[in-house]
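Asks: The first sequence begins at 312 in this note's numbering and counts up one residue at a time.
Note that beta-carbon positions come from the ideal geometry of N, C-alpha and C, so glycine has one too.
Model, not experiment: these values are computed from the prediction.
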Amino acid sequence: MSYDFNTIEAKWQKYWAENKTFRAEDNSAKEKYYVLDMFPYPSGAGLHVGHPLGYIASDIYARYKRHKGFNVLHPQGYDSFGLPAEQYAIQTGQHPSITTKENIARYREQLDKIGFSFDWDREVRTSNPEYFKWTQWIFVELFNSWYDKNQDKARDINELESLFATEGNTKVNAVCDEETPVFTAEDWNKYTTKEKQQIFLKYRLTYLAETEVNWCPKLGTVLANDEIVNGVSERGGYPVIRKKMTQWSMRISAYAERLLQGLDRIDWTDALKESQRNWIGKSVGAGVTFNVKGHEEVIEVFTTRPDTIFGVTFMTLAPEHDLVQKITTPGQKSEIEAYIEATAKRSERERMADVKTISGVFTGAYAEHPFTKEPVPIWIGDYVLAGYGTGAVMAVPCGDQRDYDFAKHFDIPITNIFEGIDISQEAFADKEKTIIANSDFLNGLSYKKATKTAIYELEKLEQGAGKTNYRLRDAVFSRQRYWGEPFPVYYVDGMPQMIEVAHLPIQLPEVEKYLPTETGEPPLGRADVWAWDTENNKVVSNDQINNTSIFPLELNTMPGWAGSSWYLFRYMDAGNDKEFASAEALQYWENVDLYIGGSEHATGHLLYSRFWTKFLKDRSYIGVDEPFKKLINQGMILGTSAIVYRVSGTNTYVTKGLKDQHDTEELRIDVSLINNSDELDIEGLKKWQPQFKDADFELEEGKYIVGREVEKMSKRWFNVVNPDDICNDYGADTLRLYEMFLGPLEQAKPWNTAGITGVSSFLKKLWKLYHNGDDFAVTDTEPTKEDLKTLHKTIKKVEEDIENFSFNTSVSTFMIAVNELTAQKCTARAILEPLAILISPYAPHIAEEFWQRLGHSGSIATAAFPVFEEKHLVESVKKYPISFNGKTRFTMELSLDLSKDEIEAAVMAHEKTKQQLAGREPKKVIVVPGKIINIVG
RNA sequence: GCUGAAGUGGUGGAAUUGGUAGACACGUUGGACUUAAAAUCCAAUGGCCAUUAGGCCGUACGGGUUCAAGUCCCGUCUUCAGUACCA
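1) With the cut-off set at 9 Å, would you say Ala1088 and Thr1138 are in Cβ contact?
2) According to the Cβ coordinates, are Val1017 and Ile985 closer than 9 Å?
3) Use the C-beta contact count for Glu846: other C-beta atoms within 10 angstroms, 16 or more gives buried, fewer gives exposed.
4) If you check the beta carbons only, do Met561 and Asp390 fall under 9 Å apart?
5) In chain order, which alpha helix (DSSP H) runs of at least 4 residues are fully inside the stretch 1057-1102?
6) Go ahead and pull the three-state DSSP assignment for Glu521.
7) Among all the DSSP beta bridges, which residues are the ones paired with Ala1255?
8) CB of Ile669 to nearest heavy atom of the ligand ATP: below 8 Å?
9) Give the single residue among Pro353, Pro386, Tyr366 whose Cα lies nearest to the Cα of Gly393.
10) If you pair each beta-carbon of the stretch 900-911 with each one of the stretch 934-945, do three or more pairs fall below 8 Å?
11) Looking at C-alpha atoms only, which residue of Val483, Lys379, Val982 is the closest neighbour of Asn461?
12) What does DSSP give as the partner residue(s) for Tyr956 in the beta ladder?
13) Since Phe601 contacts Ala678 with CB under 8 Å, what's their CB separation in whole angstroms?
14) Taking the beta strand (DSSP E) that Leu864 falls in, what are its first and last residues?
15) Expressed to the nearest angstrom, what Euclidean distance is found between the alpha-carbon atoms of Pro630 and Ile610?
16) Since Pro1034 is in the beta strand (DSSP E), which residue starts that stretch and which ends it?
17) Tell me whether Trp877 sits in a helix, a strand or coil according to DSSP, three-state version.
18) Roughly how many angstroms lie between the CA atoms of His912 and Thr726, to the nearest whole one?
19) In whole angstroms, what is the alpha-carbon distance linking Ala718 and Gly692?
20) Of the residues Thr975, Leu996, Glu976, which one's Cα is nearest the Cα of Ser287?
21) If you run the structure through DSSP and keep just helix, strand and coil, what is Lys343?
22) Would you give the residue range spanned by the beta strand (DSSP E) that Phe922 belongs to?
23) Give me the Cα-Cα distance between Tyr899 and Lys925, rounded to the nearest whole angstrom.
24) With burial defined as no fewer than 16 other Cβ atoms inside 10 Å of the residue's Cβ, what is the status of Asp633: buried or exposed?
25) Does the stretch 821-840 come close enough to the stretch 780-800 to have 3 or more Cβ pairs within less than 8 Å?
26) Within the continuous alpha helix (DSSP H) that includes Trp1162, where are the two ends?
27) Spatial neighbours of Thr639 within its chain, please: C-beta separation below 7 Å, excluding the five flanking residues on both sides.
28) Ignore the nearest five residues each way along the sequence and tell me which others in Phe316's own chain have a CB closer than 6 Å to its CB.
29) At what residues does the alpha helix (DSSP H) containing Thr491 begin and finish?
30) With a threshold of 7 Å on Cβ separation, who are the neighbours of Lys824 within its own chain once the five nearest residues in sequence on each side are excluded?
31) For Ala535, does the count of other Cβ atoms within 10 angstroms reach 16, so buried, or fall short, so exposed?
32) For Arg1140, which residues in the same chain have their Cβ closer than 6 Å to its Cβ, ignoring the five residues on either side in sequence?
33) Where does Gln558 sit, in a helix, a strand or coil, going by DSSP?
34) Tell me, please, whether the stretch 1160-1177 touches the stretch 1056-1068 by the rule of three or more beta-carbon pairs shorter than 8 Å.
35) So, Met1051 versus Val1122, is the Cβ gap smaller than 9 Å?
36) Which of the three DSSP states is assigned to Lys719 in this structure?
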């Protein structure tokens, strides 16, 4: 019987499902190990061969850990809320839940074919009400929490209320909005309920506020900072503008320092940690207050260089800054307004595209320098960003190149405050070489000392203090969409109220269209049944809204990252309808030991889930501070597109070798029409699309050779390779081995189906090793020394490879082992049985088949990993290369029992050595046991 | 600009961490089997010189340390990824 992978794979996939082979136990004497993949968004296109790469790697590791005796949790689910299903719904009118279900069914079918060891009993779907009930619950918990800086953790909002009632907010050290008023206990107790609610909103970890947001008109929704790439939306690439809107936000900024510190304790790549560090963007400096001449208002700035305060010759505000309208003098009004209008019109992208153009307008107003009391002109300019720091800078042209360029452009004076530095050409920003001059009490001081002194003096004046600033902004949490989690929120007198957990989940209402309303409200504004009855605790028809007991519900939905920020905990106890997961399950499974997924989530999902984990820990729902202990980013598998060359204006296609003789245009065609030597199947192409039906082809040596281009795998390039096809043609085990064999896990690499024959024929050879003709032929004979050596070499290498996640080299190791054992005609059970276990994480189906044929009744999945024994690798005789002055001349066999001196004596006595030395005395003989002998003449 | 990663045959990539560079595989060439093709099997395959034996040069480039460097150190160049008017 030959290797019939289709039958074998179907058989074992059925066996695993029926026997629930990979079910994880929630309490076990075994040590736990949690291996998680970033769960997929089930898109309509299905999986291509790139998607399973990370899943295969995590599956190998999960299976390996089971062999090593761990209780392994390896679940899978779907991130099933999101834009594509909604856009499809807008086009077709089909409810997104239907599309989503269909797509999930397709994904599941494809995943099952590859033979993953997922515990499907724990499947989660973020769009299932049983799941998003708890997403809504976490939202409510965040709403009911505030961040205490003294204890450095989130606390119950009721505790804040009692603090307010007894001592006001003067002593409360909390993370809150900038413009939070100061009040006493007496004030507090006089406030109306609504006033109290307004104040609480400034403290809650999720809050409703009017903020400057990224509005994407094309998508009709706001976006968080991480959803914008290069000034355009990540999805679709549409322009994004800044706009003030009332939105839900997450006070992630409260966790900035802990998110930064936590990075030191987790095993992630440096690149990823670095991009989170950059995103958090900590900078240490000072906040400085400038009085505005003739106004009550003051301007707050943040600077990393308080030591250069005497170099301030002007100030610049962001055009969007609140004070601009108030301080602009009548004479400058029209000019300022024209400028603000012009900048507001520009998209983020345009603004980023021309950073070189210097623009700005003088407001006519002056601030007062805190020390010299000199007037400082106040300008506005779009090089100052509203979203960073306070949206205002003290400009020090001598020490900052942007301020310098601005000053030169508008002819603003530049004061030099650096000892012995020429600033006639450019600003001087080297902190380390700075000696301050021309600066009153800072003269002669270094950067460090001057900074300290300046802050001290500012504090004395009460016009500044040391301050740490973070680039990390609070994350906008509302989306003007349909297909997302509804907020468990209704409004009484404009103030948001939470719905208690007992009445959750709040399910999505039916709408007749998935578009915004004519008045610009989100799609939920179309729902007829979307009001909250506080007496009966249920959703009722909008007609009944009376604002005494029945109130309107929130119209926004949550963003895509809501459900994915905590799903790792749901897998621990996926069926629980009383809690998001039981305390026992949470305590046992703790957090993810190994997480595998793409690096594109560096500043989105991976940051938000760390934030929610820290929050849940603060509120004592979980015991861990970080969600993912170790993280590996798998590289993308790229497609290799096929290109034909059409002679311009004709229907004639020329082969690659002749294309330079014509004026041609490139067309991408389906990669399945190309054979392993880049030759085109012309008849196939003619049938593929009508435009090729009557085409002419100019060949070379009777062949049409296509051009190739490596690029992202995508339907529109026709370069998608479907894993189902590979499974049908070569088998899932071959697909798994080949995906690993392609190259290092973390690297991007092109898919090339041609190379798959290598691993495919390896599996055939492996099959033959266990079979003699048609019969399964494993004998109980004693293994030879060579056989044992091959086995133990393989155990050692494979174990090391898996521990280091270099799965690619393991595949080669298997190939070598099988070649050697075939040559040695090894049929010994004592070799082939452990070999089956070694291969089982990589090629589980064939391994199970061998295991059964070897007479075992259960699954190979729980078999113990073979133990490596050094003694089998030790040889008695070794070939030593003998070198003279670094050049290898010959090799010589020597016993390994010899000591260093004996080896040296034997080599010197050897005839060839004597010839080489030709009577000369060597200076030195270097013996590296088992490796090389070097004689230095 | 800044940060991170990396430069090894025609290609993907190995190299036990300083010890015979190019494992393994693809591709290519030649051969066997076949009427033929596919499949399969065998052999060769870094470059140059040599009939052979063998020799010389080779891990982006230039230096250095060492008996010994792909690996360590200094400098240069290139590529990829992330990020960017961050005060």
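Replies: So, from the data block:
1) Going by C-beta atoms, Ala1088 is nearer than 9 Å to Thr1138.
2) Contact: yes.
3) Label assigned to Glu846: exposed.
4) The answer is no: Cβ separation not under 9 Å.
5) As far as the stretch 1057-1102 is concerned, its whole alpha helix (DSSP H) runs of at least 4 residues are 1067-1081.
6) Looking at Glu521 - three-state DSSP - the assignment turns out to be strand.
7) The structure shown has nothing for residue 1255, since the chain only spans 312 to 1248.
8) Annotation note on the ligand ATP: not contained in the displayed structure, which lists no ligands.
9) Measuring from the Cα of Gly393, the nearest candidate turns out to be Pro353.
10) Contact holds: three or more Cβ-Cβ distances are below 8 Å.
11) The shortest Cα separation from Asn461 among Val483, Lys379, Val982 belongs to Val483.
12) Partner(s): Val965, Glu977.
13) Contact between Phe601 and Ala678 holds, with the beta-carbon distance rounding to 4 Å and staying under 8 Å.
14) No beta strand (DSSP E) contains Leu864, which DSSP labels as neither H nor E.
15) One C-alpha to the other measures close to 14 Å.
16) Annotation: Pro1034 is outside any beta strand (DSSP E); the continuous alpha helix (DSSP H) that includes it extends over 1034-1041.
17) In this structure, Trp877 counts as coil in the three-state DSSP scheme.
18) Annotation: His912 to Thr726 spans about 45 Å, alpha carbon to alpha carbon.
19) Roughly 12 Å separates the two Cα atoms.
20) Look at the range of the chain in this structure, 312 to 1248, and you will see that residue 287 is not part of it.
21) Three-state result, Lys343: strand.
22) DSSP places Phe922 outside any beta strand (DSSP E); the residue lies instead in the alpha helix (DSSP H), whose first and last residues are 916-929.
23) Those two C-alpha atoms are separated by around 18 Å.
24) Asp633 comes out exposed.
25) Enough Cβ pairs lie closer than 8 Å, so yes.
26) Unbroken alpha helix (DSSP H) run through Trp1162: 1155-1164.
27) Answer for Thr639: Ile647, Thr674, Gly675, Ala676, listed in chain order.
28) Contacts found: Gly1042.
29) From DSSP, Thr491 is part of no alpha helix (DSSP H); its letter is neither H nor E.
30) Closer than 7 Å at the Cβ level, and outside the excluded window around Lys824, lie Arg837.
31) Under this definition Ala535 is a buried residue.
32) Only Val1089, Asp1091 meet the Cβ criterion.
33) Strand at Gln558.
34) Counting C-beta pairs closer than 8 Å gives fewer than three between the stretch 1160-1177 and the stretch 1056-1068, which falls short of the contact rule.
35) It is a contact, given that the beta carbons lie within the stated cut-off.
36) The answer is helix: DSSP assigns Lys719 an H, G or I state.
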